[in-house]
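Undergrad: Here's a structure for you.
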């Protein structure tokens, strides 16, 4: 073979390999995107991580939580910015945030500092979401505007609550949700999306006042709520403890069992919470419990477990034809690997009760697990599913 012919074959081979690479890459991109107009920056991230993309069902909800960093910070961790860049990949119909969007809850913070944090949130998070025309439902967290009460029966962080109202009631900061009742917004409100009824309560401390619970019950009993195909509640503190450092009164909602029974009475499907900085898909009785992991600083380990803490984000696909209604796809934000149920504790026993992993029923528990629960609580009721 002469040199000219060899060179021609070599060039053709190299060209074919390069073309094949780009064709395969293009096919991959199209298969994971399912859409056009993805930015070059997002495409680069898709190429880098090659994340799994779940099949979209009737409604897609992207659930995030605990975005903040250190007290007073106007900066967000890389994982928060990464999640925002990947929004076109997931194509959510709605984003839900389980609270802690800024880094307050410190008496020494000035009005200027708090306003600077809300401005940073708006610039770095809320405005990019508005630019994509994605509705943003949220609940107030303890670092946004804590509802903790002082001995004089007044809010300890009244200034932070006033400034949260100032930010959220500014028409420029329209969250884009379809409000049903916004009279007490942003602390208590309801909205709807694609035949799902959403109720937000102020779980920024452990106490929900009786008059607010009356509003909750009235809202859930309403014709609009009961005619919806599904009901979801969002609050910052969870009902039951799941993580280290948060397993004591004040870090979960008071009277968890009574609150759960109230939600079950009106056929609420899921309670979505944050605060514990640990993703845990669970259930107790008839109520699904989505403990949203932290996207910002401070991921926490699970109770009585050596699983390393991880920053996560969860895609919830609602399928009205599926008996379970919801399908979770949760990513470890370090590398976009999927977090499978079997990688998580089968059950968690915090100070105020036992909850089971979403795919585990009370009948699946071993005799040893039942014995450990009974030894811990000395109360058979605490170890029952209900």
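Numbering (the working numbering), first residue to last: 208 to 593. Glycine residues also receive a C-beta, built at the ideal position from the N, C-alpha and C atoms.
Roughly how many whole angstroms lie between the Cα atoms of residue 355 and residue 422?
TA: Here residue 355 refers to the residue found at position 148 when the chain shown is read from its first residue. Here residue 422 refers to the residue found at position 215 when the chain shown is read from its first residue. Their Cα atoms are separated by approximately 20 Å.
Undergrad: Does the contact criterion of 3 or more C-beta pairs under 8 Å hold for the region 552-564 versus the region 440-449?
TA: Contact between the region 552-564 and the region 440-449 is present, because at least three Cβ pairs lie under 8 Å.
Undergrad: Please list, in chain order, all residues of the same chain as residue 474 whose beta carbon is under 7 Å from its beta carbon, the five residues on each side excluded.
TA: Walking along the chain shown from the start, residue 474 turns up at place 267. For residue 474, where only same-chain residues beyond five positions count, the Cβ hits under 7 Å are 438.
Undergrad: Could you tell me the distance, in whole angstroms, from the CA atom of residue 319 to the CA atom of residue 367?
TA: As a first step, residue 319 must be located in the chain shown, where it is residue number 112. As a first step, residue 367 must be located in the chain shown, where it is residue number 160. Computed Cα separation, rounded: 11 Å.
Undergrad: Could you pull the start and end residues of the beta strand (DSSP E) that residue 282 belongs to?
TA: Numbered from 1 along the chain shown, position 75 holds the residue referred to as residue 282. From DSSP, residue 282 is part of no beta strand (DSSP E); its letter is neither H nor E.
Undergrad: So, using beta-carbon positions, are residue 480 and residue 305 closer together than 8 Å?
TA: For the purposes of this step, residue 480 is taken as the residue at position 273 of the chain shown. For the purposes of this step, residue 305 is taken as the residue at position 98 of the chain shown. Yes, the Cβ-Cβ distance between residue 480 and residue 305 is below 8 Å.
Undergrad: Could you tell me whether the region 384-394 touches the region 248-265, where touching means 3 or more Cβ pairs closer than 8 Å?
TA: Because the criterion of three Cβ pairs below 8 Å is not met, the region 384-394 and the region 248-265 do not touch.
Undergrad: Ignore the nearest five residues each way along the sequence and tell me which others in residue 261's own chain have a CB closer than 8 Å to its CB.
TA: The residue labelled residue 261 in the question sits at position 54 within the chain shown. So the list reads 522, 524, 534, 536, once near-sequence residues are dropped.
Undergrad: In angstroms, rounded to a whole number, what distance separates the CA positions of residue 526 and residue 303?
TA: In the chain shown, residue 526 corresponds to position 319, counting from 1. In the chain shown, residue 303 corresponds to position 96, counting from 1. Roughly 17 Å separates the two Cα atoms.
Undergrad: For residue 312, which three-state DSSP category applies?
TA: Taking the first residue of the chain shown as 1, we reach residue 312 at position 105. Residue state, collapsed to three classes: coil.
Undergrad: Would residue 380 pass as a contact of residue 323 if the rule is Cβ separation under 8 Å?
TA: The count along the chain shown starts at 1 and reaches residue 380 at position 173. The count along the chain shown starts at 1 and reaches residue 323 at position 116. No. Outside cutoff.
Undergrad: Taking the beta strand (DSSP E) that residue 388 belongs to, which residues open and close that run?
TA: The residue labelled residue 388 in the question sits at position 181 within the chain shown. Its beta strand (DSSP E) spans residues 385-391.
Undergrad: Under the rule that 16 or more other beta-carbon atoms within 10 Å means buried, what is residue 246, buried or exposed?
TA: The residue you call residue 246 lines up with position 39 of the chain shown. The residue is exposed, with fewer than 16 neighbouring Cβ atoms inside 10 Å.
Undergrad: Using the C-alpha atoms, what's the distance from residue 570 back to residue 383?
TA: Taking the first residue of the chain shown as 1, we reach residue 383 at position 176. Taking the first residue of the chain shown as 1, we reach residue 570 at position 363. If I take the Cα positions, the gap works out to 43 Å.
Undergrad: If you pair each beta-carbon of the region 460-478 with each one of the region 570-584, do three or more pairs fall below 8 Å?
TA: The answer is no - the region 570-584 does not touch the region 460-478, with fewer than three Cβ pairs under 8 Å.
Undergrad: Could you give the residue range of the alpha helix (DSSP H) that holds residue 432?
TA: The sequence position of residue 432 within the chain shown is 225, counting from 1. Element bounds for residue 432: 430-434.
Undergrad: Would you mind listing the beta strand (DSSP E) stretches within the region 482-507 that are 3+ residues and don't spill past its ends, in chain order?
TA: Segments of the beta strand (DSSP E) lying fully in the region 482-507: 487-491, 494-498.
Undergrad: So if DSSP puts residue 580 in a beta bridge, which residue, or which two residues, is it bridged to?
TA: On the chain shown, position 373 is the one that residue 580 refers to. Per DSSP, none; premise fails for residue 580.
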